[in-house]
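See below for the structure under consideration.
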Amino acid sequence: MSSMAFDGEAPETDDEEEVCEKVEKVTNRTETPRKQPSLVDKKLEKQWTQAAIETINVCQKRSVNQEKTMQKVTESAADCFTSMQNVAAKLNVVHTNVTRLEDSVADLLEASQLLPDKFPMGMSRANVPREPQSESADVFAEPSSQGSRSEQVMSPRSGSSASVLQYGSEMGSVSQMSSASTLRRGGPRGDLGIAAVDHRTVQIQGMDDDLAADDGQPRLYVWGTRICVADVQRAFRDFLTVFKISHLDEDENMMTGNDENLHPIDMSQPYYMERLLECNNAEVTHINLNLAHLQSFSDALYRKVIAYPADVIPYLDIVVNEVFAERFNRTLSQSIELRPFNAEKTRNMRGLNPNDVDQLITISGMVTRTSALIPEMRSGFFQCSVCAFGIESEVDKGRIEEPVVCTNCSNTHCFQLVHNRSIFLDKQVIKLQESPDDMPSGETPHTVSVYAHGSLVESVQPGDRITVTGIFRAVGMKVNPKQRALASVYRTSIDALHFRKMDTARLHQDNGETLSEERIQQIIELSKRPDIMDALAQAIAPSIYEHDDVKKGLLCLLFGGTRKDDETTNKTKLRSEINILLCGDPGTSKSQMLQYVYRLLPRSQYTSGKGSSAVGLTASVSRDADTKQLVLQTGALVLADNGVCCIDEFDKMNDSARSVLHEVMEQQTLSIAKAGIICQLNARASILAAANPVDSKWNQNKTIVENIQLPHTLLSRFDLIFLIVDQQDEMQDRRLGNHLVSLYFENGTEQKKTEELDMNLLRDYIAYAKANVHPKLGEDASQFIIEKYLFMRKAGAQHGQITAYPRQLESLIRLSEAHAKIRLSEEVSVDDVDKAFTLWREALKQSAIDPATGRVDVAILASGMSSSGRKAVEAMCEIILKQLKTAKGFVTSKALFQTLKAADKTCTKEVFDEALNELAKKETIARSGERVRFQAVDA
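Right, here's the structure in full:
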């Protein structure tokens with residue numbers, strides 16, 4: 001900068017040289033030894049001072065020149081920066097105009113779909129013969145005249161060449177589309193992870209294709225597949241507008257109308273056009289596509305959907321939205337999505353192999369655990385930290401690429417993610433366990449992870465038995481999270497596209513909402529029969545002979561009482577589920593009845609007493625393999641919420657597992673406090689248990705507590721306890737033998753068909769009653785129940801026994817509500833209370849009989865001992881005290897019992913031991929091992 005001179009400035013080179021010479025002369029002169037000041041010295045000093053002043057003046061002049069130079073450079077830079085800002089503003093205006101122009105072009109393309117007769121899509125104005133293509137094909141097709149790079153591909157059939165088209169993101173017509181236009185054409189779905197605009201396409205002529213109408217014309221194919229975009233969309237459009245069916249499954253025969261109520265589908269119209277009508281009336285944004293319908297219409301299109309679901313389904317979504325817009329001249333707030341299900345390629349979890357990766361599969365199982373909602377990013381907004389320029393980046397195959405270079409200020413690695421302006425989608429991880437029917441013998445059940453996205457989140461709950469249709473995925477696992485190296489073993493999962501809960505062998509899980517009007521009328525007519533209770537009881541387990549009272553009790557369990565929802569939270573919560581215990585001799589079909597109920601109900605669990613632990617029934621704490629966090633793994637009682645938990649071999653459960661049932665059977669909740677997880681889970685399940693006697697044969701001389709050795713606090717929580725005894729009767733044995741033998745050879749086919757019809761009717765009847773009938777107690781029924789309760793209390797009071805407790809009164813109310821629900825009545829009548837009391841009394845006669853007196857004594861269930869037995873123990877206590885008072889010191893219990901046995905032959909060892917325990921509790925006697933002595937009580 002020192003050599004630069006502006007106008008009005010003289011060069012500084014000559015002045016500097018003169019000053020330097022003068023300074024050098026003065027310096028040389030002053031090197032002589034200093035003498036006394038003289039005129040010569042004064043003259044030299046004056047010259048030196050003058051030279052120094054001239055040097056200072058030159059430096060000042062140079063500094064001023066530099067300041068002027070820097071000022072002019074700064075002004076020039078400011079002018080350049082202002083010019084750059086003006087250019088940037090003009091570029092933004094141009095970009096906005098281009099964006100508006102693209103939106104207008106997109107709107108014109110959509111409007112052109114309404115005029116297919118005037119200008120078919122894909123035909124040029126010069127009337128050059130060309131294959132008709134849909135809008136999606138025109139989006140991907142780029143004319144070769146635009147100078148894009150292309151490759152030559154030889155057709156496998158004709159040997160002709162064709163130009164390869166680029167990825168959609170590389171083409172100008174797609175990459176410059178605005179965000180509004182992208183949303184209108186449909187962004188990537190969360191379950192597919194890819195949109196139609198992300199596909200790379202190629203135009204090939206003469207490829208052999210089952211869907212091709214004319215093999216001579218070039219067609220647009222998705223790169224790496226045999227999917228012709230135009231042919232697939234044309235075939236699927238024909239399927240939507242033409243396909244009709246004469247028979248539908250139970251979950252497909254109803255549609256939502258304008259009044260948000262379900263109406264039967266018009267079978268005379270194309271089925272999927274009716275589904276589009278439902279989307280228009282009820283604002284439904286999805287359509288369930290039954291792949292069995294698609295296979296019957298076009299097997300070639302079905303195979304393409306199965307083999308390339310992520311590539312084909314986005315084009316099918318475009319067709320559905322086009323057909324909807326053509327028919328109703330409007331679009332929904334969200335684009336309509338297809339949810340395929342019922343694929344023929346149904347596999348169990350063990351049959352999944354690498355050949356199924358990225359294909360559409362259908363598997364069934366039971367949901368064991370669902371995770372919390374996970375926000376998954378679908379579109380990220382990145383903002384430059386230097387110039388605050390924003391860029392949106394959409395997800396591509398599960399990944400979002402962060403921009404590296406800012407197009408506004410050209411800085412690198414300067415972007416930050418702005419969460420508030422990003423778009424997220426709900427995601428949930430579901431653990432699906434293998435169905436027991438698909439499990440080989442001796443194997444443990446397999447578990448697979450299922451990912452649900454969007455509206456499929458929270459659509460299933462733990463305990464549901466479902467059929468999942470989705471895409472089988474394989475994702476690489478990193479050896480080290482900080483490194484890019486992947487392990488050779490991949491982690492597999494399923495991206496769910498559809499959940500189906502319907503099971504033809506079980507009750508409806510949708511509360512009977514899909515029942516047709518004809519079926520409902522048939523159910524209402526059936527409920528008017530006077531013998532409806534007996535007719536439905538006969539339909540329960542028809543292969544089991546007699547046991548009519550037990551079947552009626554099971555019928556009441558299936559229907560249940562009326563649930564009392566406490567809206568004000570001021571009342572005590574009352575349960576509506578009915579608990580039943582079946583006990584008796586082995587081989588009396590107790591387990592068969594449990595299996596029947598387990599297979600009938602959708603939310604039911606079956607377990608055995610010996611193989612069940614307290615953790616297995618309630619919940620266990622485990623560490624999640626993915627998140628490494630402690631999670632709660634629910635047990636059988638929680639999975640059976642709003643269902644039935646069947647427990648076989650109830651008498652063989654350990655005490656820790658049995659103690660869990662106390663809270664569940666009465667409070668309908670399950671309290672957990674483990675590993676820092678403190679919660680209260682819902683366990684609104686009915687308990688159906690079966691128990692065998694301790695001596696293998698039911699002893700009529702013992703009470704039920706002594707026979708099955710269950711705690712009386714647990715027995716009192718059962719509403720009905722049935723005793724099934726194998727009695728020796730020749731006529732009864734002959735009838736039972738004829739029935740069993742007839743199951744194997746006589747009219748087996750017809751009987752099986754009749755049982756199936758009865759089963760279907762029972763399923764529909766129970767589902768309709770539980771969903772629509774909620775009976776309540778009337779004034780007459782309430783008074784009648786109170787009278788029955790007082791009658792039971794008085795009947796036992798005459799003999800010094802208690803024959804009813806408040807729990808028996810609540811059981812009677814629940815049974816009465818179940819009888820009213822069986823009749824489809826909204827009010828409990830006196831006749832319902834009378835029938836419920838008869839059933840309850842019959843069950844009580846079998847289970848709560850005092851062997852000593854032959855009378856019903858509810859104290860056996862409440863306290864574990866009958867009133868007569870308690871009196872016998874009290875009498876034995878008095879006799880023992882008399883003997884010990886006369887004896888001196890300790891007496892062995894064995895010698896004492898022999899003495900009492902010799903005096904009274906009716907004395908039993910059980911009564912003697914119970915009497916000793918009672919005296920020891922009162923501290924009347926002192927025990928030391930087998931020896932006892934009298935102990936005086938201090939006053």
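In this text, residue positions in the sequence shown follow full-length UniProt numbering: the first is 1, and each later residue adds one.
Positions of the beta carbon are idealized from the N, C-alpha and C atoms, including for glycine.
(request) State the DSSP-derived secondary structure class of residue 533, mapped to helix, strand or coil. (result) helix
(message) Which residues does DSSP list as the beta-bridge partners of residue 720?
(response) 580
(request) Quick one: residues in its chain with C-beta nearer than 7 Å to the C-beta of residue 412, no 5 flanking neighbours on either side, listed in chain order? (result) 404, 405
(message) Using C-beta distances below 6 Å, list every residue in its chain close to residue 927, excluding the 5 sequence neighbours before and after it, in chain order.
(response) 920
(request) Pair every Cβ in the region 479-494 with every Cβ in the region 263-277, then say whether three or more of these pairs are closer than 8 Å. (result) no
(request) Alpha carbon to alpha carbon, how far is residue 710 from residue 599? Give it in angstroms, no decimals. (result) 27 Å
(request) Tell me whether residue 341 sits in a helix, a strand or coil according to DSSP, three-state version. (result) strand
(message) Using C-beta distances below 7 Å, list every residue in its chain close to residue 877, excluding the 5 sequence neighbours before and after it, in chain order.
(response) 915, 918, 919
(request) Taking all protein chains shown into account, decide if residue 423 is buried (16 or more other Cβ within 10 angstroms of its Cβ) or exposed. (result) exposed
(message) Going by DSSP in three states, residue 446 sits in which element: helix, strand or coil?
(response) coil
(message) Do residue 551 and residue 535 count as a contact pair if the criterion is CB distance below 8 Å?
(response) no
(request) To the nearest angstrom, report how far apart residue 824 and residue 777 are at their CA atoms. (result) 14 Å
(request) Could you give the DSSP three-state label for residue 424: helix, strand or coil? (result) strand
(request) Note the first and the last residue of the continuous alpha helix (DSSP H) segment covering residue 556. (result) 548-559
(request) Measure from the alpha carbon of residue 283 to the alpha carbon of each residue in 260, 300, 781, then state which is nearest. (result) 260
(message) Given this structure, state the Cα-to-Cα distance separating residue 317 from residue 769, to the nearest angstrom.
(response) 39 Å
(request) Would you mind sorting residue 452 into buried or exposed? The rule is 16 or more other CB atoms within 10 Å of its CB. (result) buried
(request) Whole angstroms is fine: what's the gap from residue 922's alpha carbon to residue 809's? (result) 34 Å
(request) Assign residue 828 to buried or exposed, taking buried as 16 or more other Cβ atoms, counted over all protein chains shown, within 10 Å of its Cβ. (result) buried
(request) Report buried or exposed for residue 4, applying the criterion of at least 16 other Cβ atoms within 10 angstroms of its Cβ. (result) Because residue 4 sits at a pLDDT of 41, beneath the cut-off of 50, its placement in the model cannot be relied upon, and the point is left open.
(message) Would you call the region 614-624 in contact with the region 657-669, where contact means no fewer than 3 C-beta pairs closer than 8 Å?
(response) yes
(request) Reducing DSSP to helix, strand and coil, say where residue 468 ends up. (result) strand
(request) Tell me where the beta strand (DSSP E) around residue 595 begins and ends. (result) No beta strand (DSSP E) holds residue 595; the alpha helix (DSSP H) holding it covers 590-600.
(request) Go through its chain and collect everything with a Cβ distance to residue 299's Cβ below 6 Å, but skip five positions before and after it. (result) none
(message) What ranges does the alpha helix (DSSP H) occupy inside the region 626-680, keeping only unbroken runs of at least 4 residues that lie completely in it?
(response) 636-639, 655-667
(message) I need the straight-line Cα distance from residue 624 to residue 631, nearest angstrom please.
(response) 6 Å
(message) Using 8 Å as the cut-off, can you tell me whether the region 340-359 makes contact with the region 303-315, which would need three or more C-beta pairs spanning the two stretches below that distance?
(response) yes
(request) Could you name the residues that DSSP lists as bridge partners for residue 379? (result) 394, 423
(message) Please classify residue 465 as buried or exposed, where buried requires at least 16 other C-beta atoms within 10 Å of its C-beta.
(response) buried
(request) State buried or exposed for residue 650, treating a residue as buried only when at least 16 other CB atoms are found within 10 Å of its CB. (result) buried
(request) Would you identify the three-state DSSP class for residue 233, choosing helix, strand or coil? (result) helix
(message) What residue range does the beta strand (DSSP E) around residue 218 cover?
(response) 218-222
(request) Let me know the alpha helix (DSSP H) ranges lying completely inside the region 278-361, each 4 residues or longer, listed in chain order. (result) 291-297, 299-307, 309-328
(message) Quick check: residue 468 and residue 362, are their CB atoms within less than 8 Å of each other?
(response) yes
(message) Can you tell me which residues form a DSSP beta bridge with residue 778?
(response) Partner(s): none; residue 778 has no beta bridge.
(request) Can you give me the start and stop residues for the alpha helix (DSSP H) that residue 812 sits inside? (result) 806-822
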